[in-house]
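Peer 1: Just so you know, the sequences run in chain order A and B.
Numbering-wise (the numbering used here), the first sequence opens with residue 9 and increments by one.
Numbering-wise (the numbering used here), the second sequence opens with residue 466 and increments by one.
There's a structure below that I have some questions on.
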Amino acid sequence: MISYLIRRILQLVPVLLVASVAIWAMLYAVPGGPVAMIVGQDASQEQIDAATRELGLDRPLIVQYADWVGNAVSGDLGKSIFSKEPVVKLIGQRLPATIQLAVFSLLIALIISIPIAIISALNPGTWIDRVLSSWSALALAVPTFWLGILLVLLFAVELRWLPSASRYIPFWTAPLDAMRNTFLPALTLGVYVSGILARFLRASLVGELRSDYVRTARSKGLPERQIVGGHIMRNALIPFVTIVGLMLANFLGGSVVTEVVFTYPGLGRLLVQAISTRDYPLIQGIILVIIVIFMLINLAVDMLYAYIDPRIEHK
Amino acid sequence: MNSTGTNALRHAVKKSNTDAVLSVRDLTVSFLTNGKQVPVVRGIDLDVFANEVHCIVGESGSGKSVTSLAVTGLLPVTATVSGSVRLDGVEVIGADEEVLRNMRGQDVGFIFQDPATTLNPVMRVGRQITEGQVVHGQLKASAASDRAAELMAEVDIADPKGRVTQYPHQFSGGMRQRAVIAMAMSGRPNLIVADEPTTALDVTVQAQVLSVLLQRQKALGSAIILITHDLGVVAEVADRVSVMYGGSIVETGTVQDIFDRPCHPYTAALLRSVPRIDAGDDRLKTIPGQPPTPAELPSGCVFHPRCALGAGKTRCQTERPQLRAFASGQMTACHFAEEMKPDRPSTTARAIAQAERAEVKPLLEVDNIKVHFPVKKGILRRTVGWVRAVDGVRLSVRPGETVSLVGESGCGKTTFARAIMGLLDVNEGDVRFDGRSIVGLSRKAMRPVRRQMQYVFQDPYSSLNPVLSAADIVAEPMRLHGLFEEMGSDKRIAELFEMVGLSPSMMGKYPSEFSGGQKQRLGIARTLGLKPKLLILDEPVAALDVSIQAQILNLLQDLQRELDLGFLFISHNLSVVRHISDRVAVMYLGKMVEEGACNEIYENAAHPYTLSLLSAAPISNPGMRNQRARIILRGDIPNPASPPSGCRFHPRCFRATDICRSQVPELATQSSLKTTSICHHAGPLDPKEIALASQAEGGI
Chain A
9 MISYLIRRIL
19 QLVPVLLVAS
29 VAIWAMLYAV
39 PGGPVAMIVG
49 QDASQEQIDA
59 ATRELGLDRP
69 LIVQYADWVG
79 NAVSGDLGKS
89 IFSKEPVVKL
99 IGQRLPATIQ
109 LAVFSLLIAL
119 IISIPIAIIS
129 ALNPGTWIDR
139 VLSSWSALAL
149 AVPTFWLGIL
159 LVLLFAVELR
169 WLPSASRYIP
179 FWTAPLDAMR
189 NTFLPALTLG
199 VYVSGILARF
209 LRASLVGELR
219 SDYVRTARSK
229 GLPERQIVGG
239 HIMRNALIPF
249 VTIVGLMLAN
259 FLGGSVVTEV
269 VFTYPGLGRL
279 LVQAISTRDY
289 PLIQGIILVI
299 IVIFMLINLA
309 VDMLYAYIDP
319 RIEHK
Chain B
466 MNSTGTNALR
476 HAVKKSNTDA
486 VLSVRDLTVS
496 FLTNGKQVPV
506 VRGIDLDVFA
516 NEVHCIVGES
526 GSGKSVTSLA
536 VTGLLPVTAT
546 VSGSVRLDGV
556 EVIGADEEVL
566 RNMRGQDVGF
576 IFQDPATTLN
586 PVMRVGRQIT
596 EGQVVHGQLK
606 ASAASDRAAE
616 LMAEVDIADP
626 KGRVTQYPHQ
636 FSGGMRQRAV
646 IAMAMSGRPN
656 LIVADEPTTA
666 LDVTVQAQVL
676 SVLLQRQKAL
686 GSAIILITHD
696 LGVVAEVADR
706 VSVMYGGSIV
716 ETGTVQDIFD
726 RPCHPYTAAL
736 LRSVPRIDAG
746 DDRLKTIPGQ
756 PPTPAELPSG
766 CVFHPRCALG
776 AGKTRCQTER
786 PQLRAFASGQ
796 MTACHFAEEM
806 KPDRPSTTAR
816 AIAQAERAEV
826 KPLLEVDNIK
836 VHFPVKKGIL
846 RRTVGWVRAV
856 DGVRLSVRPG
866 ETVSLVGESG
876 CGKTTFARAI
886 MGLLDVNEGD
896 VRFDGRSIVG
906 LSRKAMRPVR
916 RQMQYVFQDP
926 YSSLNPVLSA
936 ADIVAEPMRL
946 HGLFEEMGSD
956 KRIAELFEMV
966 GLSPSMMGKY
976 PSEFSGGQKQ
986 RLGIARTLGL
996 KPKLLILDEP
1006 VAALDVSIQA
1016 QILNLLQDLQ
1026 RELDLGFLFI
1036 SHNLSVVRHI
1046 SDRVAVMYLG
1056 KMVEEGACNE
1066 IYENAAHPYT
1076 LSLLSAAPIS
1086 NPGMRNQRAR
1096 IILRGDIPNP
1106 ASPPSGCRFH
1116 PRCFRATDIC
1126 RSQVPELATQ
1136 SSLKTTSICH
1146 HAGPLDPKEI
1156 ALASQAEGGI
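So, in structure tokens, the structure goes:
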């Protein structure tokens, strides 16, 4: 198990290297750059050269890259071109907010999707299955920004129960306030993802319900509740955790649209700002962090498999 | 409900009951399919008594499994059931769900076909065994683990205490099925329903499992309904037999009567179409056509389109025969049973091709090949060992000859075949085709060889591409080799269709429109397009119904004669192998242990493994049941990554001595031997040995 973990973490290194090259190539393939943003449109060649030198962009690309990688390994992702703050610090400010929103969103998605999936899987083809399946379709079809705006209109503008602009308040400092501020964006994201999760889990449950071991369980005289809870759920979870992991990783990468609608101070909005100002070090840093998060969650999902399914042994 | 009290009462009632444990009257089951009620079981009567094994025999679609599920209402909601089913005197049809649920696991225990899927993969086996009893209040949850160990010990699972907490994947197939038996018997039910309980198992494991099942039945006095398509198993275990066809019981009687004096043409035809392990036979007598599907049942007697006796008789086409008493206790559903002529199964020996062909140059020569797979471990994935899947096999096939490779699953027969085809790398040894070495050839150099050597797969359902038409499937290999025009295009395809007994009018159809047997014919036609010299047939009839199996075997024999094909036939079915082979090679754990002419292997085998295999295989003759001695192998096939020292078979062998543990055996050279075997103690079976062997088993 430990050996497996070490091997998996070592395998992250080449992936990260390839990813970092891709990040660089992408940025330099896009026209424009931070210099133009700093000096403005009417700048003279001297001003441009000076700014370029100052940012170190006059050095050969390969040197710039090696420099960046070398620093990144020691935990230094450079300084933001505009705020002059270290990139690591900027990300560090936003990441907890994003994590909190992601966890809330996922919880809401699970709370909505699991009962829906179980009820419709156990009553396939009935009216209740059709009603619940159309909920899933609807949740997927409604654009998040629109749902977000509707929710703000209802809860913040009309009812005045919740704030329209969400601030980040760490959960452990003021749980109630934190929930008030995170609820609307989390609900917006959660509703959308609940559609995906419910469809997935329903399909997985329907497949499991047809399997031989369910017939065996019935032949022993187990009540239906115990068959679903004791036998089917754990089997159906195996494919389900994959998609849940992917969704969580997605949330953690920042939910750009939702964060913008609710002016929530998360990683997604920081990335949008960084891109619009061509803040290269910040863009690179954020994308790198997102990639690492994705890979770690993937690893966590794989470890979870071994826990759920005794047939999987990580050696 | 106060379960302990009720249970005591229930048991008291049970014991005093001398009536049938299960009594079925006019049971009809139909399924709603595409808005139409399709009858699957059409009014059957059945009585099963305590201490009795009642076998229900039938081909796919005969309604045998549906009958068994109807016993406690385990059918899906789309089923409509009518008639009467009384279990321990309680009516099941129309009973409340709660009543049925209480019957399941207490009054009736189920054993299903595939032990790999019947158990929940993510739940500990011990818990699965006793779960039902705990739910029914027969057992306290705290005592469940000890009880599970006890039950496992009763079905001869070694180290039951340790096994209780393991998961199904840590069990071998045979152990899993024994665990399922323990589970089915845990509530001490009066009735056990076993649906093809050994179909997915190897013969030696099948023998183990059947003997455990009967032994537990004896201890509990239960009645058993055993559903099977395997007439050998029926002959070995049944007391009474019901033969089902097209949703009805066509004949019922004692096992001896059914086998000796079948009184329905279907039963008689079925018995004739099965290859026999106890006698070589030349050609199987097939039943024409295929079993009817429930959606399109023929009028009158459902068997009339395939029946020789009823041919041309209008009564058979118009009037549905009812089950009626015939000879001593037997019942038949045939209008003209009195007109049936008794027939003895033909035992004319098949002409062995070998003698006259000794001088013919071999088509395929395999010289001591080894195929090893690396086992990797650790952070750096270093190779720490090898799975010796094939570890030295020598074999040759001449044109027009059938050489069979037999052995249990995991012995390396399929790996061997794939290595010959060049689909796997050969680590050592040589393969010559038509005198030319083909080991290590490049893909390009291998192409012309592959043309002449074709592979027929086991499962006709998954080996045909569902989106290609039948004609395209057959044309594909010719197109791949760029020979479609040269071979005669569509004319050639029509020719191939006729060659395998398919109508060329089916050329435009898709695989889903073909029946199982027709699909396998298509699979064979596909391989013949390139005019191969050698066919490698990997379990080609294992997935087919008995009557269809005979048709395909006859087709293969005809094709062989016509085209002078060499066959390398891979199978675990010893009866089929005896029927079709000229020579037989037996494999165990990657090694060939014995080889010889077909009849010599079956009559004069010298290797203890071959002897055990033959003794474990069921014989379709109930009269032989008690006369024949049994060697039941202990344990399971060892892991090929760490095979036992010396002779690989020694841990399971009844002849093993010290030398077997330390020295790898060589070819046995005694002049009295009629086969080539690799064993320190090769020799025919001595009756005294069997007594010893079964004693060592502790009565398994």
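The beta carbon of each residue, even a glycine, is placed where N, CA and C say it ideally should be.
Remember, it's a predicted structure, so these values are computed and weren't measured experimentally.
With a threshold of 7 Å on Cβ separation, who are the neighbours of F838(B) within its own chain once the five nearest residues in sequence on each side are excluded?
Peer 2: Reading the second sequence from its first residue, position 373 is the one you call residue 838(B). The residues are W851, V852, A854.
Peer 1: List the DSSP bridge partners of P504(B).
Peer 2: For this step, residue 504(B) is matched to residue 39 along the second sequence. Note: P504(B) sits in a beta bridge opposite S495(B).
Peer 1: With a threshold of 8 Å, are at least 3 pairs of Cβ atoms found where one atom belongs to the region 116 to 129 of chain A and the other to the region 195 to 208 of chain A?
Peer 2: The region 116 to 129 of chain A is in contact with the region 195 to 208 of chain A.
Peer 1: Hey, is V852(B)'s beta-carbon within less than 8 Å of any beta-carbon in chain A?
Peer 2: If you number the second sequence from 1, residue 852(B) lands on position 387. Answer no: the Cβ-Cβ gap between V852(B) and chain A never drops below 8 Å.
Peer 1: Output the boundary residues of the beta strand (DSSP E) element that contains R218(A).
Peer 2: In the first sequence, counting from the first residue as 1, residue 218(A) sits at position 210. Looking at the DSSP string, R218(A) is not in any beta strand (DSSP E), and its letter there is neither H nor E.
Peer 1: Where does A818(B) fall in DSSP's three states?
Peer 2: Taking the second sequence and counting its residues from 1, the one referred to as residue 818(B) is at position 353. Here A818(B) scores only 46 on pLDDT, less than 50, and its place in the model is too uncertain to base an answer on.
Peer 1: Does Q571(B) come within less than 8 Å of chain E when only Cβ atoms are used?
Peer 2: Included in the structure are the protein chains A and B, with no chain E among them.
Peer 1: Check whether the region 935 to 954 of chain B touches the region 1007 to 1019 of chain B, counting contact only when three or more Cβ pairs, one atom from each stretch, lie closer than 8 Å.
Peer 2: Contact fails: fewer than three Cβ-Cβ distances are below 8 Å.
Peer 1: List the whole-angstrom C-beta distance separating S533(B) from D660(B), where the pair is believed to meet the contact cut-off of C-beta under 8 Å.
Peer 2: For the purposes of this step, residue 533(B) is taken as residue 68 along the second sequence, with counting starting at 1. For the purposes of this step, residue 660(B) is taken as residue 195 along the second sequence, with counting starting at 1. S533(B) to D660(B), Cβ: 6 Å. Contact.
Peer 1: For A703(B) and V518(B), which I take to be in contact (beta-carbon distance under 8 Å), what is that distance rounded to the nearest angstrom?
Peer 2: Here residue 703(B) refers to the residue found at position 238 when the second sequence is read from its first residue. Here residue 518(B) refers to the residue found at position 53 when the second sequence is read from its first residue. About 5 Å separates the two Cβ atoms, so the contact holds.
Peer 1: Applying the 10 Å Cβ sphere with the 16-neighbour rule, what's the burial state of Y315(A)?
Peer 2: Translated into the one-based positions of the first sequence, residue 315(A) becomes position 307. Counting Cβ neighbours within 10 Å, Y315(A) comes out exposed, since fewer than 16 surround it.
Peer 1: For P1087(B), count neighbouring Cβ atoms within 10 angstroms of its own Cβ and tell me buried if that reaches 16, exposed if not.
Peer 2: As a working mapping, residue 1087(B) is identified with position 622 in the second sequence. P1087(B) is buried by the Cβ-count criterion.
Peer 1: Please list the segments of the beta strand (DSSP E) lying wholly inside the region 124 to 200 of chain A, counting only runs of 3 or more residues, in order along the chain.
Peer 2: Fully enclosed beta strand (DSSP E) runs of 3 or longer: not present.
Peer 1: How would you label M617(B), buried or exposed, when you count the other beta carbons within 10 angstroms and need 16 or more for buried?
Peer 2: Indexing the second sequence from 1 puts residue 617(B) at position 152. M617(B) should be labelled buried.
Peer 1: Does DSSP classify Y1053(B) as helix, strand or coil?
Peer 2: Start at 1 with the first residue of the second sequence, and residue 1053(B) comes out as number 588. Reduced to three states, the DSSP call for Y1053(B) is strand.
Peer 1: Quick one: which chain B residues come within Cβ less than 8 Å of I316(A)?
Peer 2: Locating residue 316(A) in the first sequence gives position 308, where the first residue counts as 1. Those within 8 Å of I316(A) in chain B are V587.
Peer 1: Just the C-alpha distance for D137(A) and S1036(B), rounded to the nearest angstrom, thanks.
Peer 2: Within the first sequence, residue 137(A) is the residue found at index 129, counting from 1. Within the second sequence, residue 1036(B) is the residue found at index 571, counting from 1. Using only the alpha carbons, I get a separation of about 47 Å.
Peer 1: In this structure, how does DSSP classify T813(B) when only helix, strand and coil are distinguished?
Peer 2: Numbered from 1 along the second sequence, position 348 holds the residue referred to as residue 813(B). Residue placement at T813(B) is poorly supported in this model, since its pLDDT is 48, which falls under 50; the coordinates are not used for a value here.
Peer 1: Rounded to whole angstroms, what is the Cα-Cα separation between N482(B) and D553(B)?
Peer 2: Here residue 482(B) refers to the residue found at position 17 when the second sequence is read from its first residue. Here residue 553(B) refers to the residue found at position 88 when the second sequence is read from its first residue. Below a pLDDT of 50, predicted positions are generally treated as unreliable, and N482(B), at 45, falls in that range; the measurement from the model is reported next regardless. Using only the alpha carbons, I get a separation of about 8 Å.
Peer 1: Between which residues of its own chain and T1140(B) is the CB-CB distance below 7 Å, once the five residues before and five after are set aside?
Peer 2: By 1-based counting over the second sequence, the position of residue 1140(B) is 675. For T1140(B), where only same-chain residues beyond five positions count, the Cβ hits under 7 Å are E1059, E1060, G1061, E1065, I1066, N1069, A1070, A1071.
Peer 1: Hey, V868(B) and R1048(B): beta-carbon distance below 8 Å or not?
Peer 2: Residue numbering aside, residue 868(B) sits at position 403 when the second sequence is read from its first letter. Residue numbering aside, residue 1048(B) sits at position 583 when the second sequence is read from its first letter. Yes, Cβ-Cβ distance for V868(B) and R1048(B) is below 8 Å.
Peer 1: What are the uninterrupted segments assigned as beta strand (DSSP E) that are 3 or more residues long and contained completely in the region 638 to 693 of chain B, given in chain order?
Peer 2: DSSP runs (the beta strand (DSSP E)) wholly in the region 638 to 693 of chain B: 656 to 660, 688 to 693.
Peer 1: Would you kindly check if the distance between the Cβ of V767(B) and the Cβ of G711(B) is under 8 Å?
Peer 2: As a first step, residue 711(B) is located in the second sequence; it is residue number 246 there, counting from the start. As a first step, residue 767(B) is located in the second sequence; it is residue number 302 there, counting from the start. A contact, by the Cβ cut-off of 8 Å.
Peer 1: Closer than 7 Å by C-beta to T879(B): which residues in its own chain qualify, once you throw out the five before and the five after it? Chain order, please.
Peer 2: The count along the second sequence starts at 1 and reaches residue 879(B) at position 414. D1003, I1035, listed in sequence order.
Peer 1: If you draw a straight line from the alpha carbon of G570(B) to that of Q593(B), how long is it in whole angstroms?
Peer 2: Mapped onto the second sequence, residue 570(B) falls at position 105. Mapped onto the second sequence, residue 593(B) falls at position 128. Near 12 Å, if we compare the C-alpha coordinates of Q593(B) and G570(B).
Peer 1: Can you give the Cα-Cα distance for L829(B) and G900(B), rounded to whole angstroms?
Peer 2: Sequence index remark: in the second sequence, residue 829(B) carries index 364 (1-based). Sequence index remark: in the second sequence, residue 900(B) carries index 435 (1-based). So the two alpha carbons sit approximately 8 Å from each other.
Peer 1: Answer with buried or exposed for N655(B), where buried requires no fewer than 16 other C-beta atoms within 10 angstroms of its C-beta.
Peer 2: Translated into positions along the second sequence, residue 655(B) becomes position 190. Classification of N655(B): buried, given that the 10 Å Cβ count is 16 or more.
Peer 1: Find out if the Cβ-Cβ distance for the pair P42(A), R242(A) is shorter than 8 Å.
Peer 2: By 1-based counting over the first sequence, the position of residue 42(A) is 34. By 1-based counting over the first sequence, the position of residue 242(A) is 234. Not a contact, by the Cβ cut-off of 8 Å.
Peer 1: Who does L552(B) pair with in a DSSP beta bridge?
Peer 2: As a first step, residue 552(B) must be located in the second sequence, where it is residue number 87. Note: L552(B) sits in a beta bridge opposite L487(B), V555(B).
Peer 1: Between M1057(B) and the rest of its own chain, which residues show a CB-CB distance below 8 Å, the 5 nearest in sequence each way excluded?
Peer 2: Your numbering for residue 1057(B) matches position 592 in the second sequence. Taken in chain order, the residues that qualify are G857, V858, R859, L860, A1050, V1051, I1143.
Peer 1: Counting only beta-carbon separations shorter than 8 Å, does D553(B) have a partner in chain A?
Peer 2: Within the second sequence, residue 553(B) is the residue found at index 88, counting from 1. Chain A, which has no Cβ nearer than 8 Å to the Cβ of D553(B), makes this no.
Peer 1: Residue ranges of each alpha helix (DSSP H) run of no fewer than 4 residues wholly in the region 23 to 48 of chain A, ordered along the chain?
Peer 2: With a minimum length of 4 residues, the continuous alpha helix (DSSP H) runs that stay inside the region 23 to 48 of chain A are 42 to 47.
Peer 1: Bridge partners for C520(B) per DSSP, in chain order?
Peer 2: Position 55 of the second sequence, counting from 1, holds the residue named residue 520(B). Answer is L691(B), V706(B), bridged to C520(B).
Peer 1: Under the three-state reduction of DSSP, which class applies to L69(A): helix, strand or coil?
Peer 2: Looking up residue 69(A) in the first sequence gives position 61. L69(A) falls in the helix class under three-state DSSP.
Peer 1: Let me know the secondary structure DSSP gives T867(B) once reduced to three states.
Peer 2: In the second sequence, residue 867(B) corresponds to position 402, counting from 1. The answer is strand: DSSP assigns T867(B) an E or B state.
Peer 1: With a Cβ-Cβ cutoff of 8 Å, do Y926(B) and M886(B) count as a contact?
Peer 2: On the second sequence, residue 926(B) is found 461 positions in, with the first residue counted as 1. On the second sequence, residue 886(B) is found 421 positions in, with the first residue counted as 1. Contact flag unset, no.
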